[in-house]
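A.B. asks: Chains as they are written, first to last, in the numbering used here: chain A, -9 to 199; chain B, -9 to 199.
All residues carry an ideal CB built from backbone N, CA and C; glycine is no exception.
Pasting in a structure now, in structure tokens, and then I'll have a few things to ask.
2 protein chains.
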Amino acid sequence: MPYEYETDGATIYKGSFATIRAEADLARFDADVEQIAVRMIHAAGMVDLAQYIHFSDGFGTAARAALQAGAPILCDAYMVSEGVTRKRLPADNQVICTLRDDAVPDMAKDMSNTRSAAALELWRPHLDGALVAIGNAPTALFHLLNMLEDPDCPRPAAIIGCPVGFIGAMESKDALRDANPVPWVIVEGRLGGSAITVAAINAIASRAE
Amino acid sequence: MPYEYETDGATIYKGSFATIRAEADLARFDADVEQIAVRMIHAAGMVDLAQYIHFSDGFGTAARAALQAGAPILCDAYMVSEGVTRKRLPADNQVICTLRDDAVPDMAKDMSNTRSAAALELWRPHLDGALVAIGNAPTALFHLLNMLEDPDCPRPAAIIGCPVGFIGAMESKDALRDANPVPWVIVEGRLGGSAITVAAINAIASRAE
């Protein structure tokens, strides 16, 4: 066994978060969201992520209250839903991803949109008061914003808007910030993704580090 | 529907890859691995990732041959195994993650190591000729290197070594590069993670863009 390394999970987490707090510029983040930002940075392995993370007022309070009240977590991708640490959830909350529903391919064709966007139509029965987590597809975030233009569409409690990439990701997150339909967190620009999104969920679910 | 955006998946992929090839410095990557690097950059949403991606000689050929021969893909986390696009796999390859096996918590305790590392002990029956994908835990990559110190341990065909983070990630990837037990790809330093790892798998599985 020539390789010696830290093998204690708690020590690894503690050391990781201490490194982030020593290196990252977290001054912008108030106590309500600082732990969320730290976990997002942790998942990215990049302290410079801090400058791209933006929260709307009241995001931390709204998102935590939703989970404590038993709200479901609606995820645009299985990489997001699979990453949620179930034992951190305060109310055994449902974690829902509708992407592989049998109806989705035909819905996408009918809508002339991606499967990621079409799958959100199946969120409607769960959407009222939910925590929404979009960590992959810009088309999903754009479609959600279009759904929320309808005043009869149920409102989620809060939106984690972190799609990643080169086509539409930046624009979809700017649109969420500008529309401001409910409290939100975004990673501005191209960065984002499932790991960062999962980290935000896990931080909202529990303040345990 | 006030938000207009690109809704065609194929156009989104094509535009994304074109942007990456226009902006990223890919000159170091030969034809055998260029598509793998491009997909890793795509998943990260960051063209600067290019400078941290390193392949050992023969990685692309070894990893593709393994999947075409029907090798399983062994993943350290469900966020990795869930991200693999099954229809891209050339031989309906098994995608295996042993992290939630009932035996793992006790094994971790006995080994004084993380569950991520302990779960790799359950890879042994599948390891010969496999494609290994470590996208989360530095302890898993270190433990694999220790397993491979034993000449009787079966050899995987290739290793995607992309754990992420602040404690051990950089060191574990440097150790893989230095030990060079089989062909490998790494993302040097703190960056890495499940999305980048999944992107590498999906690129190895098929050259389709």
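Going straight from the alpha carbon of A/H44 to that of B/R78, what length do you get?
C.D. replies: For this step, residue 44 of chain A is matched to residue 54 along the first sequence. For this step, residue 78 of chain B is matched to residue 88 along the second sequence. In a straight line, the C-alpha of A/H44 is about 36 Å away from that of B/R78.
A.B. asks: What do you get for B/E(-6), buried or exposed, if any count of 16 or more other CB atoms within 10 angstroms of its CB means buried?
C.D. replies: The residue given as residue -6 of chain B occupies position 4 in the second sequence. Answer is exposed; the Cβ neighbour count stays below 16.
A.B. asks: Does the distance from the CB of B/G125 to the CB of B/P153 come in under 8 Å?
C.D. replies: Against the second sequence, residue 125 of chain B aligns to sequence position 135. Against the second sequence, residue 153 of chain B aligns to sequence position 163. Against a cut-off of 8 Å, the Cβ pair of B/P153 and B/G125 comes out as a contact.
A.B. asks: Hey, out of B/R29, B/T(-3) and B/E(-4), whose CA is closest to B/R11's CA?
C.D. replies: Locating residue 11 of chain B in the second sequence gives position 21, where the first residue counts as 1. Per the Cα distances, B/R29.
A.B. asks: If we count the other Cβ atoms within 10 Å of its Cβ and call it buried at 16 or more, is B/E72 buried or exposed?
C.D. replies: For the purposes of this step, residue 72 of chain B is taken as residue 82 along the second sequence, with counting starting at 1. Its Cβ being crowded by 16 or more others within 10 Å, B/E72 is buried.
A.B. asks: Would you mind telling me which residues of chain A sit closer than 8 Å to B/H32, beta carbon to beta carbon, in chain order?
C.D. replies: As a working mapping, residue 32 of chain B is identified with position 42 in the second sequence. Within chain A, the residues near B/H32 are G155 and F156.
A.B. asks: For B/L110 and B/A130, what's the separation of their Cα atoms in angstroms?
C.D. replies: Here residue 110 of chain B corresponds to residue number 120 of the second sequence, with the count starting at 1. Here residue 130 of chain B corresponds to residue number 140 of the second sequence, with the count starting at 1. For B/L110 and B/A130, the distance between alpha carbons rounds to 7 Å.
A.B. asks: List the endpoints of the continuous beta strand (DSSP E) containing B/H44.
C.D. replies: Indexing the second sequence from 1 puts residue 44 of chain B at position 54. Note, B/H44: beta strand (DSSP E), I43 to F45.
A.B. asks: Quick one: measure Cβ to Cβ for B/A185 and A/G183, integer angstroms, because I've assumed they're closer than 8 Å.
C.D. replies: By 1-based counting over the second sequence, the position of residue 185 of chain B is 195. By 1-based counting over the first sequence, the position of residue 183 of chain A is 193. Yes, they are in contact, since the Cβ atoms of B/A185 and A/G183 sit about 5 Å apart, within 8 Å.
A.B. asks: Is the segment 157 to 168 of chain B touching the segment -3 to 17 of chain B, taking contact as three or more C-beta pairs under 8 Å?
C.D. replies: Touching, no, given that fewer than three Cβ pairs across the two stretches are closer than 8 Å.
A.B. asks: Helix, strand or coil: which one does DSSP assign to B/A148?
C.D. replies: Here the question's residue 148 of chain B lines up with position 158 in the second sequence. In this structure, B/A148 counts as strand in the three-state DSSP scheme.
A.B. asks: Among the residues of its own chain, which have a CB less than 6 Å from the CB of A/A33, if the five just before and after it don't count?
C.D. replies: Position 43 of the first sequence, counted from the first residue, corresponds to residue 33 of chain A. Cβ within range, chain order: A185, I186 and A189.
A.B. asks: Checking contacts by CB at 8 Å: is B/L135 closer than that to chain A?
C.D. replies: In the second sequence, residue 135 of chain B corresponds to position 145, counting from 1. Interface residue, yes.
A.B. asks: Go through its chain and collect everything with a Cβ distance to B/A127's Cβ below 8 Å, but skip five positions before and after it.
C.D. replies: If you number the second sequence from 1, residue 127 of chain B lands on position 137. D66, A67, T104, S106, A107 and P153.
A.B. asks: Which one or two residues does DSSP pair with A/C65 in a beta bridge?
C.D. replies: As a working note, residue 65 of chain A is residue 75 in the first sequence. Paired residue(s): A/C87 and A/A123.
A.B. asks: Could you pull out every residue in the same chain whose Cβ sits closer than 6 Å to the Cβ of B/L117, ignoring the five residues on either side in sequence?
C.D. replies: Taking the first residue of the second sequence as 1, we reach residue 117 of chain B at position 127. The answer, listed in chain order, is P144 and P146.
A.B. asks: Rounded to whole angstroms, what is the Cα-Cα separation between B/I(-1) and B/A27?
C.D. replies: Your numbering for residue -1 of chain B matches position 9 in the second sequence. Your numbering for residue 27 of chain B matches position 37 in the second sequence. A small correction: the amino acid at residue -1 of chain B is Gly; Ile does not occupy that position in the sequence shown. Each residue's alpha carbon lies about 20 Å from the other.
A.B. asks: Taking Cβ-Cβ distances below 7 Å as the criterion, which residues of the segment -5 to 21 of chain A are in contact with chain B?
C.D. replies: Flagged, chain order: Y(-5), E(-4), T(-3), G(-1), I2, G5, S6, T9 and I10.
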